[in-house]
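Asker: Dropping a structure here in structure tokens format, bear with me for questions.
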């Protein structure tokens, strides 16, 4: 929790108990949850929390670059604790989103221009059938 | 129109006038429109068309692989006529979505596995400030 408090302090986000609980959940659960999934989990620990608080907190974290928003499913936003740059694989059979630890040559440090545009974020979305579903066939 | 009719025939989609009009629009306008933008344009040419028909047609084209769905904005789906593999850049200032003609080494022909998962689609989404907006500053 101490590390997370420091992270919030650095981004000038007041480290309330609710915010710390949400950030801790996102750090520990790398399953790319939706805001609703975060709410369902958090309200068991913090029963007084409202859905609006969870949504507002998620947007504050996004704005401050503490988490990333994934739009890979095309259905709803998923959230990811920010670590090193990595990409995502969505299994179209079971719906699992996997982290993919490959690098895009255009996303290497120091390389932040592409065709004259200034790049601030890169999201690599791979879709197909995951290794678990392949084995089941 | 003849080429587009052939494309629909190949995918076993009955080439009605409405479907051909929508596909023609998507082929000629590579601005990654939303379904609503397609509807607004098409109803000027085909005033009897309903929004539902446009939505159903777009989903039929998607299912048949004639177009791709982009979720880059996180707000709404955008549609793209399928050509060679390319990636997309979203300007966070003006909202324009640009085609980016770079290749991902993991998306080259014959390379369809990543970390044990079978890859069927790759979407590279770059976000930042586009060259036009950079010049305006």
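Residue numbers (this note's numbering), protein chains in the order written: chain A, 2 to 138; chain B, 2 to 138. Here a beta-carbon is modelled for each residue, glycine too, at the ideal position from N, C-alpha and C.
Assign residue 12 of chain B to one of three DSSP states: helix, strand, or coil.
Answerer: Residue 12 of chain B sits at position 11 when you count from the first residue of the second chain. Note: residue 12 of chain B maps to coil in three-state DSSP.
Asker: Looking at the secondary structure, which residues open and close the beta strand (DSSP E) in which residue 92 of chain B lies?
Answerer: Counting from one through the second chain, the residue named residue 92 of chain B turns up at place 91. First-last of the beta strand (DSSP E) with residue 92 of chain B: 88-92.
Asker: Alpha carbon to alpha carbon, how far is residue 136 of chain A from residue 7 of chain A?
Answerer: Position 135 of the first chain, counted from the start, is the residue given in the question as residue 136 of chain A. Position 6 of the first chain, counted from the start, is the residue given in the question as residue 7 of chain A. For residue 136 of chain A and residue 7 of chain A, the distance between alpha carbons rounds to 43 Å.
Asker: May I ask you to list, following chain order, the residues of the segment 49-71 of chain B that have a beta carbon less than 7 Å from some beta carbon of chain A?
Answerer: Under the 7 Å Cβ criterion, the segment 49-71 of chain B contributes 70.
Asker: Cβ atoms of residue 103 of chain A and residue 89 of chain A: under 8 Å apart, would you say?
Answerer: Position 88 of the first chain, counting from 1, holds the residue named residue 89 of chain A. Position 102 of the first chain, counting from 1, holds the residue named residue 103 of chain A. Contact flag unset, no.
Asker: If you pair each beta-carbon of the segment 109-126 of chain A with each one of the segment 110-125 of chain B, do three or more pairs fall below 8 Å?
Answerer: Contact holds: three or more Cβ-Cβ distances are below 8 Å.
Asker: Any C-beta of chain B within less than 8 Å: which residues of the segment 75-99 of chain A qualify?
Answerer: Against chain B - using a Cβ distance shorter than 8 Å - the residues of the segment 75-99 of chain A are 75, 78, 90, 92, 93, 99.
Asker: DSSP puts residue 119 of chain A in a beta bridge; with which residues?
Answerer: In the first chain, the residue the question calls residue 119 of chain A occupies position 118. In the DSSP output, where bridge partners are listed per residue, residue 119 of chain A has A:114, B:130.
Asker: Could you run through the segment 11-34 of chain B and flag, in chain order, every residue whose CB is less than 8 Å away from some CB of chain A?
Answerer: Against chain A - using a Cβ distance shorter than 8 Å - the segment 11-34 of chain B contributes no residues.
Asker: For residue 70 of chain A, which residues does DSSP report across the bridge?
Answerer: As a first step, residue 70 of chain A must be located in the first chain, where it is residue number 69. A:80.
Asker: So, using beta-carbon positions, are residue 120 of chain B and residue 61 of chain B closer together than 8 Å?
Answerer: Numbered from its first residue, the second chain carries residue 120 of chain B at position 119. Numbered from its first residue, the second chain carries residue 61 of chain B at position 60. No, the Cβ-Cβ distance between residue 120 of chain B and residue 61 of chain B is not below 8 Å.
Asker: Could you give the DSSP three-state label for residue 85 of chain A: helix, strand or coil?
Answerer: Here the question's residue 85 of chain A lines up with position 84 in the first chain. Three-state result, residue 85 of chain A: coil.
Asker: Excluding the 5 residues flanking residue 28 of chain B on each side, which residues of the same chain have their C-beta closer than 8 Å to its C-beta?
Answerer: Stepping through the second chain from its first residue, residue 28 of chain B is reached at position 27. If we look at residue 28 of chain B and ignore the five residues flanking it on each side, its Cβ neighbours are 5, 82.
Asker: For residue 116 of chain A, which residues in chain B fall below 7 Å Cβ to Cβ?
Answerer: Start at 1 with the first residue of the first chain, and residue 116 of chain A comes out as number 115. The contacting residues are 101.
Asker: For the beta strand (DSSP E) holding residue 98 of chain A, just list the boundary residues, first then last.
Answerer: Within the first chain, the letter at position 97 stands for residue 98 of chain A. Residues 98-101.
Asker: When the cut-off is 8 Å and only beta carbons count, does residue 43 of chain A lie next to chain B?
Answerer: By 1-based counting over the first chain, the position of residue 43 of chain A is 42. No, residue 43 of chain A lies away from the interface with chain B (no Cβ there is under 8 Å from its Cβ).
Asker: Run through chain B and tell me which residues come within less than 8 Å of residue 121 of chain A, C-beta to C-beta.
Answerer: Locating residue 121 of chain A in the first chain gives position 120, counting from the first residue. The contacting residues are 93, 128, 129, 130.
Asker: Is the beta carbon of residue 134 of chain B less than 8 Å from the beta carbon of residue 105 of chain B?
Answerer: Looking up residue 134 of chain B in the second chain gives position 133. Looking up residue 105 of chain B in the second chain gives position 104. Taking 8 Å as the Cβ cut-off, residue 134 of chain B and residue 105 of chain B do not qualify as a contacting pair.
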